[in-house]
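Numbering (this note's numbering), first residue to last: 1026 to 1645.
Here a beta-carbon is modelled for each residue, glycine too, at the ideal position from N, C-alpha and C.
Scroll down for the structure; my scribbles are underneath it.
Okay, structure coming up:
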């Protein structure tokens, strides 16, 4: 069973700092940009040809994700000003909604004759986010006006697609509504929503009507095969992972073992062959897509922030069905690296893409080229808003609900999947249990969990894959433990006040990629705990970072330093590089310079100006 974030209060440490930043800065920053760009105004559905800010096909999704993210913060701390803003948006939705329940600004005022005819135009994707936003706001405030609006819309979609088959296509071009419908079924108990989610999943890849609406190819929309026949992650990264999340939801609710096996197969393909070290996915800007096994370019890495958020969502759903520590390992990789790279340390600027290496010279030259000759390169400085601004409000959702990743339960077991300073109350059967977690994670591997409540049950602690020397003590008495599927199981009669100490030594690790990953051949990366580290030119004297060599036996020094107001664990180690020379080629051996290399957590790069950055280094 899931233990939702509403059961936990993040009380301190790393994630409290992020939640405070988002509450004070990010929620308003995203609102202001969406207000300036006409996203909220579009909900009035009064746009006419010749007016500015023509509604976009995905604007409802931006608005709804902002509402959902804001609602997660409201659930913990009410804010009348913020609630008034949301209520105004809901009023606009109510006035704009068609008599039959239809709600989409683009198709209402730009192409009203094309309703439910454009598979690739995000209609159902937007509807899914409307549903999730409405549920979150109802849970936070008890106000269900938006919920009633989206239920009326969902009923229309169910009638048009599942009952009448009167739409011009059968399944969404951009998946998302599947997991939203499962969430709506859980909240309302109305089975038609679960049936509609199942219809969309089961029909995908089987409909002849869907093949006529091709964006690039059917792989792009995961429609090339029936979902249960898919063995590799294909196409658009976010779409693929939202589909996987919806499939895992359905497998959990229906007990469909075949569907879950497909989820496991796709998870294995992603993690073992198509995922960056940072938990990033999507190797190319062309279609924002997966490509082929081991194709993980550095400079052109797409690694959309939303895709890594979707990967974390998928991992959480997988561990609810199959409590296996590897899902927590991957969720952490994604969250602590690519997801957090998507937002500046100031909380008001964002990345869409998250490359593994950068060279400002490439970008500067590219900027001088005529439009038709420009190549697509990830930007080097975060910005306030994008034309396609799916990532900023998605980050609001992710950070606001981060405690979703803490615990789950199963009969007589509490699983601790991730670690953060938090106060959690949950029920294990009839037993009420409170868990108070204190930790400096992810910079410090010591976690102390104090239990309140009594009873015979197991506390299963995930031992991360990066840790080989974990120690556990109960009431300061160190004990041996058995490990199963990545968890240490502590089975005992618990008493109030019992204290569990989990010590995960955070040694600096050197990581080698499979030699088939061409860009990482002969190179190593550096990790400490769940964090991938990178070097920036400004910290390393402008030396050519791609020529930097490090040795596995190098002594390392870890210290806490402040970067843009955040205390971060910084690594220093001995390194060397060759000195540049005049000219292009030489027969001479180049002199080697020894120096101290400074590394910072990958998520903190590009907060102090534009500079070279790399995550992979030559190995001595």
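Check whether the Cβ atoms of residue i and residue j sit closer than 9 Å, and answer yes or no.
i	j	result
residue 972	residue 1268	This structure cannot speak to residue 972, because the chain is shown only from 1026 to 1645.
residue 1335	residue 1421	no
residue 1583	residue 1602	no
residue 1645	residue 1575	yes
residue 1632	residue 1369	yes
residue 1262	residue 1332	yes
residue 1517	residue 1481	yes
residue 1384	residue 1490	no
residue 1362	residue 1043	no
residue 1038	residue 1465	yes
residue 1337	residue 1304	yes
residue 1428	residue 1449	yes
residue 1380	residue 1395	no
residue 1026	residue 1345	yes
residue 1080	residue 1131	yes
Using a C-beta cutoff of 9 Å, does residue i count as contacting chain B?
i	result
residue 1075	Protein chains in the displayed structure number just one, and chain B is not present.
Name the one or two DSSP bridge partners that residue i has.
i	result
residue 1382	1639
residue 1314	1261 and 1309
residue 1432	1441
residue 1488	For residue 1488, which the question treats as bridged, DSSP gives no partner whatsoever.
residue 1480	1519
residue 1420	Residue 1420 is not bridged to any residue.
residue 1266	Beta-bridge pairing links residue 1266 to no other residue.
residue 1597	1582 and 1623
residue 1448	1034 and 1461
Just how far apart, CA to CA, sit residue i and residue j?
i	j	result
residue 1058	residue 1372	13 Å
residue 1321	residue 1487	28 Å
residue 1056	residue 1204	25 Å
residue 1125	residue 1214	22 Å
residue 1298	residue 1318	5 Å
residue 1180	residue 1159	15 Å
residue 1538	residue 1568	24 Å
residue 1440	residue 1349	10 Å
residue 1430	residue 1341	7 Å
residue 1625	residue 1357	17 Å
residue 1520	residue 1033	21 Å
residue 1221	residue 1282	19 Å
residue 1410	residue 1151	19 Å
residue 1585	residue 1592	6 Å
residue 1104	residue 1387	45 Å
residue 1235	residue 1196	7 Å
residue 1137	residue 1095	31 Å
residue 1272	residue 1226	7 Å
residue 1408	residue 1367	10 Å
residue 1108	residue 1166	8 Å
My assumption, with CB atoms under 8 Å, is that residue i sits in contact with residue j. Please give the rounded CB distance.
i	j	result
residue 1573	residue 1553	Going by Cβ atoms, the distance from residue 1573 to residue 1553 rounds to 18 Å, so no, they are not a contact pair.
residue 1485	residue 1437	11 Å between Cβ atoms; not a contact.
residue 1064	residue 1087	5 Å
residue 1351	residue 1511	6 Å
residue 1116	residue 1174	Incorrect: roughly 10 Å between the Cβ atoms, too far for contact.
residue 1048	residue 1102	7 Å
residue 1233	residue 1251	Incorrect: roughly 13 Å between the Cβ atoms, too far for contact.
residue 1530	residue 1492	7 Å
residue 1622	residue 1548	Incorrect: roughly 14 Å between the Cβ atoms, too far for contact.
residue 1284	residue 1253	6 Å
In terms of residue numbering, what span does the beta strand (DSSP E) encompassing residue i cover?
i	result
residue 1471	1471-1477
residue 1518	1512-1519
residue 1288	Not the beta strand (DSSP E): residue 1288 falls in the alpha helix (DSSP H), residues 1282-1298.
residue 1534	1533-1537
residue 1528	1524-1528
residue 1211	No beta strand (DSSP E) contains residue 1211, which is instead part of the alpha helix (DSSP H) from 1202-1213.
residue 1246	Careful: residue 1246 lies outside any beta strand (DSSP E) and carries neither H nor E.
Let's see if you can read the secondary structure: which residues bound the alpha helix (DSSP H) around residue i?
i	result
residue 1360	From DSSP, residue 1360 is part of no alpha helix (DSSP H); its letter is neither H nor E.
residue 1086	1084-1101
residue 1456	Careful: residue 1456 lies outside any alpha helix (DSSP H), inside the beta strand (DSSP E) at 1456-1464.
residue 1153	1148-1166
residue 1336	1330-1346
residue 1056	1052-1061
residue 1175	1170-1182
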